[in-house]
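Read the structure below first, then the notes.
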Amino acid sequence: MPELPEVETIRRALEAVRGERILSVDVRSPAMIRGMDPDEFRLAVEGERIEEVSRRGKYLLFGLGSASTLVCHLMMAGRLLLQAPGAGYPPHTHVVLALSGGEELVYQDLRHFGGFRLIPPGGRLPPGLAAMGPEPFDPSLTPVRFFRMLHSRRGKVKGILLDQRFVAGLGNIYVDESLFAARIHPETPTDRIGREDAERLLSSIRSVLQRAISHRGTTFGTYRDVNGRPGENAPALSVFRREGKPCPRCETPIVKLRVVGRGTHICPTCQPKPRRRRTSRRPSSSLTDPKTRPKRISSACGRTARSRARST
DNA sequence: GAGGGCCTGAAG
DNA sequence: CTTCAGGCCCTC
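Here the first sequence is numbered in the working numbering, starting from 659 and rising by one per residue.
In structure tokens, the structure reads:
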């Protein structure tokens, strides 16, 4: 399941075809061309020059000579392979672009979830791309801005980090790894994350992604680079898919939970569950209304706090 | 803002 | 056999 580091690895390899022309387009699975008739797609793309290969979040973007953009998303199982003609296509090959440099760019997708989309000049971006949050490495994403962004959203921090409108490119693997590195429990509500935690989380996200890029991505299942090689980042992971194995920091066995409907891996020692907040967000009337006023809260807390202070 | 649909191999 | 994972789009 390609996330930012895997897509970036592919993008860097595809720099090699920048400047080449797309000589022909073979659409073997029409459904892999989104939002456009496949024949129309083929006619529009054939003859175009690849001016630029860029990435936004998990999207790969080919800037074409006519100022249109060829957008590719690999979703979970998509692969882009660069291979010599006549090498034979792997199973589930859906689109083949023959390039002027002599290679073929092959789109393969076991699950048919990903695909291509052609955005004409000035055309509308797919919603996910249009509403995409900042890139994690964007210098304008300062710790202060990140803290404010977190506090402008409600919910569990893991759910927010997975939302591409918040920050671009994170998926299940790197969210779990970043939260572990920052020692934050995935169920922590965003409004319980202080400035220091937010700053640590941002730098954790960056170092986790940077390390994964330097290892050419993480391969558990289907991810491969354009040469069909798996990534080498899996041994560098601390918690993801390491249920029952010792935490690299404290040796506590890693635990698997479900958070926002997703399999989630944590170290229960390094990432303690946040305590429930004591101050509830009731309307102020509830504090004065005897029917709804919480009983014994102030006195109980006061007494335990004082006795604890005395005994220590 | 929530939830279904897409698709197939792996796991139960 | 059934269930599930996975990210995004689309409809409500």
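The C-beta atom is built at its ideal place from N, Cα and C for all residues, glycine as well.
Check                                                                                                                      : Outcome
Validate contact between the region 793–813 and the region 852–860 using beta carbons, cut 8 Å, 3 pairs                    : yes
Check whether THR848 and HIS809 have beta carbons under 8 Å apart                                                          : yes
Outcome for LYS716 when other beta-carbon atoms lying within 10 angstroms are tallied against a minimum of 16              : buried
Residue burial classification, GLN929 (beta-carbon count within 10 angstroms, cutoff 16)                                   : buried
Closest by C-alpha distance to VAL703, when choosing among ALA745, PHE774, LEU828 and ALA671                               : PHE774
Residues that DSSP places opposite LYS814 in a beta bridge                                                                 : PRO847
With 16 other Cβ atoms within 10 Å as the buried cut-off, status of ARG940                                                 : With a pLDDT of 49 at ARG940, under the threshold of 50, the modelled position of this residue cannot be trusted, and the question is left open.
Which of helix, strand or coil DSSP assigns to ARG900                                                                      : coil
Sequence-distant residues of the same chain with beta carbon closer than 8 Å to PRO792, five excluded per side             : SER798, LEU799, VAL825 and ALA826
Endpoints, beta strand (DSSP E) assigned at GLY773                                                                         : 773–777
Span of the beta strand (DSSP E), counted from its first residue to its last, around SER712                                : 708–714
Same chain, Cβ closer than 7 Å to LEU915, neighbours up to 5 away in sequence not counted                                  : THR922 and ILE924
Candidates ALA674, MET734, PRO784 and VAL753: closest to THR727 by CA position                                             : PRO784
Closest residue to GLN868 among TYR832, VAL897 and ALA856 (Cα-Cα distance)                                                 : TYR832
Beta-bridge partners of ALA894, as assigned by DSSP                                                                        : Partner(s): none; ALA894 has no beta bridge.
Beta-carbon proximity of ARG670 to ARG882, cut-off 8 Å                                                                     : no
Length at least 4, wholly inside the region 823–876: the alpha helix (DSSP H) runs in chain order                          : 830–839 and 853–872
Cut-off 8 Å between Cβ atoms - residues of its own chain near LEU740, not counting five sequence neighbours on either side : ALA671, LEU672, ALA674, VAL675, GLU761, GLU762, LEU763, VAL764, VAL884 and ASN885
ALA789 (DSSP reduced to helix, strand or coil)                                                                             : coil
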